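Colleague: Take a look at the following structure, please.
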Amino acid sequence: MTVEADRDAVPAQASKQQSLATAAARNLATTAKSVPQIQETSSRWLLRMLPWVDVQAGTYRVNRRLSHAVGDGRVTFVQTGGRVSVVPAELGELPALRNYDDDAVLGELAGRCEQIDCAPGTVLARAGEPQDRIFLLAHGRVDKVGSGPYGTDAVLGFLADGAYFGDRCLTESDAAWECTFRATTASTVLVLPRSDVDDLAARSQSLSGHLRAVAALPRRRTNRHGEAAIDLAAGHVGEPVVPHTFVDYEPEPREYELSIAQTVLKVHSRVADLYNDPMNQTEQQLRLTLEVLRERQEYELVNNREFGLLSNCDYAQRIQPHDGVPSPDDMDELLSMRRGNKFFLAHPRAIAAFGRECSKRGLLLEPVDVGGHRIPSWRGVPIYPCGKIPVSEARTTSILCMRTGEDDQGVIGLRQSGVPDEIEPSLSVRFMGIDEQAIIRYLVTAYYSAAILVPDALGVLENVEVGRWR
63 MTVEADRDAV PAQASKQQSL ATAAARNLAT TAKSVPQIQE TSSRWLLRML PWVDVQAGTY
123 RVNRRLSHAV GDGRVTFVQT GGRVSVVPAE LGELPALRNY DDDAVLGELA GRCEQIDCAP
183 GTVLARAGEP QDRIFLLAHG RVDKVGSGPY GTDAVLGFLA DGAYFGDRCL TESDAAWECT
243 FRATTASTVL VLPRSDVDDL AARSQSLSGH LRAVAALPRR RTNRHGEAAI DLAAGHVGEP
303 VVPHTFVDYE PEPREYELSI AQTVLKVHSR VADLYNDPMN QTEQQLRLTL EVLRERQEYE
363 LVNNREFGLL SNCDYAQRIQ PHDGVPSPDD MDELLSMRRG NKFFLAHPRA IAAFGRECSK
423 RGLLLEPVDV GGHRIPSWRG VPIYPCGKIP VSEARTTSIL CMRTGEDDQG VIGLRQSGVP
483 DEIEPSLSVR FMGIDEQAII RYLVTAYYSA AILVPDALGV LENVEVGRWR
């Protein structure tokens with residue numbers, strides 16, 4: 063018993079604390095600490111690279127040369143299971159029905175559209191045959207096929223979701239198909255026969271009058287961009303009569319109003335008074351708030367319906383990938399659609415998908431130096447990552463390519479410097495007072511927008527697959 067008691071006493075004596083524990087020592091120590099971190103912060107390349115133009119009175123007007131290219135919008139559909147129907151008001155996207163607002167007639171026209179599901183290779187219309195129906199492409203891809211220079215078939219272009227063709231038959235009785243339209247994927251189209259439109263026009267004075275008025279509009283000469291032509295003479299000799307001309311402008315130019323992002327930052331006065339060493343609490347709260355606000359600003363510049371780049375890109379400047387994935391051929395086509403390309407903007411997953419396609423061909427994305435950052439490029443044009451570009455559930459996204467700056471008639475950012483309590487251009491932090499609960503309030507506001515000066519300043523490669531690995 064005595065021996066075992068001595069054995070038990072040894073561990074007890076050895077476990078006795080002989081120095082100050084670290085947990086207690088920390089009570090007297092000043093810890094090293096980081097500033098508050100935030101995972102939401104991104105590189106925000108769009109905000110960095112977009113040229114910013116100061117506006118007055120919160121509005122920027124884009125004056126353009128008069129253009130006669132109308133009715134090139136896209137049609138929206140409603141899908142219920144396997145059934146697809148067109149939104150009646152969306153028929154106003156057809157040139158012949160532009161500004162026609164009789165909802166009852168548009169609803170009847172929409173009800174007469176017949177759904178057809180096409181297998182790949184189905185020919186919807188053949189070149190030279192009379193146009194007797196209108197096609198609305200709800201889903202899929204349709205190639206425009208014509209004759210090549212050596213008598214073989216050549217793909218002249220292709221149409222994707224929301225496109226339409228055959229609408230000339232509404233105003234031209236002798237219209238013929240200018241090329242062959244062939245489905246290259248499983249497609250869903252709605253067909254509206256011209257006979258149904260004629261039958262309805264015979265009973266509706268508003269529709270028949272509208273179609274007659276559209277058909278009677280004078281057809282002014284235009285250039286290849288759809289702008290009113292400027293008459294001039296060149297290479298003449300002698301004393302011919304020199305053409306007279308003038309440059310016409312759009313009668314109702316588009317105006318961009320500055321958008322806004324706001325929040326009210328609250329800081330308790332006790333925190334602001336007592337807990338400011340070694341970091342100022344109000345400054346850190348404001349810094350984190352500004353980070354989130356700037357992230358939202360870039361998101362709006364990409365996705366906002368009113369001024370966002372994805373929504374406001376001209377439909378003629380949107381192209382589809384030839385094989386779904388973003389290939390070098392697609393990127394070359396996107397580059398060729400405009401002069402003076404400044405940069406691409408793509409989701410990181412799209413950049414990775416493009417890199418895989420380049421690797422398959424033995425090509426490299428040569429990096430370029432931008433402010434000390436190594437950025438991948440294609441044909442010398444940098445490709446900036448932007449996580450704000452959406453990726454759909456089907457793992458498709460878009461790649462943007464743009465020309466920037468007022469002098470180059472490109473894409474510009476809009477802001478208004480000199481707002482009250484400004485801490486950065488077009489960004490203000492305004493003191494709102496202290497309430498009865500001793501909480502200090504600050505109104506944090508950012509004003510911004512974006513403008514596309516001419517349609518070809520921005521192009522989009524749509525429906526890019528980012529999940530194909532083979």
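Numbering (our numbering), first residue to last: 63 to 532. Backbone N, C-alpha and C define an ideal beta-carbon position, used for all residues, glycine too. These numbers come from a predicted model, not from an experiment.
(1) Any idea if Thr466 is buried or exposed, counting beta-carbon neighbours within 10 angstroms, 16 or more meaning buried?
(2) Which runs of the alpha helix (DSSP H) fall wholly inside the region 456-505 and span at least 4 residues, in chain order?
(3) Taking DSSP's pairing of strands, which residues face Lys206 in a bridge?
(4) Enumerate in chain order the residues of its own chain whose CB-to-CB distance from Arg356 is below 8 Å, with the five nearest sequence positions on each side excluded.
(5) Whose CA, out of Asp261, Thr250, Leu273, Asp335, lies closest to the CA of Ile501?
(6) Which residues bound the beta strand (DSSP E) around Ala201?
(7) Give the secondary structure of Glu419 by DSSP, where H, G and I count as helix, E and B as strand, and everything else as coil.
(8) Quick one: Cα of Glu234 to Cα of Thr459, how far?
(9) Tell me whether Ile514 sits in a helix, a strand or coil according to DSSP, three-state version.
(10) May I ask you to list the residues that DSSP assigns as paired with Tyr318?
(11) Taking the CB atoms as reference points, tell me whether Gln359 and Val117 lie closer together than 8 Å.
(12) Going by C-alpha to C-alpha distance, which of Leu523, Leu363, Arg160, Pro211 sits closest to Ala275?
(13) May I ask you to list the residues that DSSP assigns as paired with Tyr337?
(14) Can you give me the Cβ contacts of Arg436 inside the same chain, cut-off strictly under 6 Å, excluding the 5 residues immediately before and after it?
(15) Since Val57 and Arg411 are thought to touch, with beta carbons under 8 Å apart, how far apart are those beta carbons, to the nearest angstrom?
(16) I'd like to know whether the C-beta atoms of Asn403 and Cys448 end up nearer to each other than 8 Å.
(17) Specify the secondary structure class of Asp134 as computed by DSSP and reduced to three states.
(18) Output the distance between the C-alpha atoms of Tyr122 and Leu476, rounded to the nearest integer angstrom.
(19) Ala131 to His330, Cα distance in whole Å?
(20) In angstroms, rounded to a whole number, what distance separates the CA positions of Tyr510 and Pro113?
(21) Nearest-angstrom Cα distance between Gln80 and Arg88?
(22) Considering only residues of the same chain and omitting the five flanking positions on each side of Gly529, which have a CB-CB separation below 7 Å?
(23) I need the DSSP call for Ile451, collapsed to helix, strand or coil.
(24) Buried or exposed for Ser249, please, with buried defined as at least 16 other CB atoms from any protein chain shown within 10 angstroms of its CB.
(25) Assess contact between the region 204-212 and the region 230-245, defined as three or more Cβ pairs (one per stretch) separated by less than 8 Å. Is contact present?
(26) In chain order, what residues of the same chain have a beta carbon less than 6 Å from the beta carbon of Met494, not counting five sequence neighbours either side?
(27) So, are the CB atoms of Glu524 and Arg380 less than 8 Å apart?
(28) Would you list, in sequence order, the uninterrupted alpha helix (DSSP H) runs of no fewer than 4 residues that lie entirely inside the region 359-417?
(29) For a test of the three-state rule: what should DSSP assign to Trp440, helix, strand or coil?
(30) Compute the distance between the beta-carbons of Arg256 and Asp215, then report whether it is under 8 Å.
(31) Is Pro388 near Arg423, with beta carbons less than 8 Å apart?
(32) Can you tell me which of Ala414, Ser421, Leu407, Asp164 puts its alpha carbon nearest to the alpha carbon of Gly271?
(33) Thinking C-beta only, is Gln346 closer than 8 Å to Pro98?
(34) Kindly list the residues whose CB is nearer than 6 Å to the CB of Leu168, restricted to its own chain and excluding five residues on each side of it in sequence; keep chain order.
(35) Is DSSP giving His435 helix, strand or coil here?
(36) Which word fits Arg401, buried or exposed, when buried means at least 16 other C-beta atoms lie within 10 angstroms of its C-beta?
Modeller: Inspection of the coordinates gives the following:
(1) Counting Cβ neighbours within 10 Å, Thr466 comes out buried, since at least 16 surround it.
(2) Runs of the alpha helix (DSSP H) inside the region 456-505: none found.
(3) DSSP links Lys206 through a beta bridge to Gly219, Phe243.
(4) Contacts found: Arg106, Leu109, Ala508.
(5) Between Ile501 and the set Asp261, Thr250, Leu273, Asp335, the nearest pair of CA atoms involves Asp335.
(6) The residue asked about is misnamed: residue 201 is His in this sequence, not Ala. Run containing His201: 195-201, per the beta strand (DSSP E) assignment.
(7) When DSSP states are grouped into helix, strand and coil, Glu419 belongs to the helix group.
(8) The straight-line gap from Cα to Cα measures roughly 38 Å.
(9) DSSP, reduced to helix, strand and coil, places Ile514 within a strand of the structure shown.
(10) Looking at the DSSP assignment, Tyr318 forms a beta bridge with Tyr122.
(11) With contacts defined as CB atoms closer than 8 Å, Gln359 and Val117 fail to qualify as a contacting pair.
(12) Of Leu523, Leu363, Arg160, Pro211, the residue nearest in Cα terms is Arg160.
(13) Among the bridge pairs identified by DSSP, Tyr337 is matched with none.
(14) Around Arg436: Pro429.
(15) One cannot answer for residue 57 here, as it falls past the ends of the chain, which runs 63 to 532.
(16) No, they are not a contact pair.
(17) Residue confidence for Asp134 is low, a pLDDT of 43 falling below 50, so the modelled location carries little weight; the figure read from the coordinates is stated next. Asp134: coil per DSSP, three-state reduction.
(18) The alpha-carbon separation between Tyr122 and Leu476 amounts to approximately 8 Å.
(19) Annotation note: pLDDT 41 at Ala131 (below 50); position unreliable, no value reported.
(20) Pro113 has its alpha-carbon roughly 12 Å from the corresponding atom of Tyr510.
(21) Spanning the two alpha carbons is a distance of roughly 17 Å.
(22) Within the same chain, Gly529 has close Cβ partners Arg457.
(23) Coil, per DSSP.
(24) So Ser249 ends up on the buried side.
(25) Yes: at least three Cβ pairs fall under 8 Å.
(26) Once the five neighbours on either side are set aside, the close Cβ partners of Met494 are Arg503, Leu505.
(27) Yes.
(28) 371-374, 390-398, all fully within the region 359-417.
(29) Reduced to three states, the DSSP call for Trp440 is strand.
(30) No, these two residues do not count as a Cβ contact at 8 Å.
(31) Not in contact: Pro388 and Arg423 (Cβ atoms no closer than 8 Å).
(32) Restricting attention to Ala414, Ser421, Leu407, Asp164, the CA atom closest to the CA of Gly271 is found in Asp164.
(33) With contacts defined as CB atoms closer than 8 Å, Pro98 and Gln346 qualify as a contacting pair.
(34) Closer than 6 Å at Cβ, skipping near neighbours: Pro150, Leu153.
(35) In the three-state reduction of the DSSP assignment, His435 falls in the strand class.
(36) With fewer than 16 neighbouring CB atoms inside 10 Å of its own CB, Arg401 falls in the exposed class.
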